[in-house]
Amino acid sequence: MSLFSFALPLNGKRCSACDAALSNWYFEKDGLLFCKDDYWAKYGESCQDCGHIITGPVMVAGDHKFHPECFCCTSCGNFIGDGESYALVERSKLYWRREGFLVAKSLNDK
Ligand SMILES: [Zn+2]
Ligand SMILES: [Zn+2]
């Protein structure tokens, strides 16, 4: 599967979402053409931790998605492996399950 299409400048192609002229390169999906921003806005997933688009493997925690290399504990910074227990605190902060439990508890105590 090829995500990228390359085109010559001034080819007259336009983004099907924002109508911007697609001069350098563009994405094609289901027969529609998109500029990079619209393609990723529609079909891309951005990493909860670093905010960059995820183009490879994805780690999922609740509603959030992470690069595998960004899937680490907010407290100790160690990677949390696939299948290991984690906790999301305040809906988006990732911790080892045990550390997350302690953090959540201290937040509740305030
Ligand atoms: Zn566009
Ligand atoms: Zn990331």
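110 is the number that the UniProt record's numbering gives the last residue of the sequence shown; the numbers go up by one with no jumps.
Quick reminder that beta carbons are idealized off the backbone N, C-alpha and C, glycines included.
| query | result |
| --- | --- |
| Through-space distance from V89 to K105, alpha-carbon basis | 10 angstroms |
| Stretch pair the region 67-74 + the region 45-53: three plus CB contacts closer than 8 angstroms | yes |
| A21 beta carbon less than 9 angstroms from that of K29 | no |
| Whole-angstrom distance between G100 and Y86, CA atom to CA atom | 7 angstroms |
| Around ligand 2, Cβ to any heavy atom closer than 5 angstroms, ordered along the chain | C47, D49, C50, H67, C70 |
| Candidates S16, C72, L107, W40, of which the one nearest G83 by Cα | C72 |
| Residue span of the beta strand (DSSP E) that contains V89, given as start and end | 86-89 |
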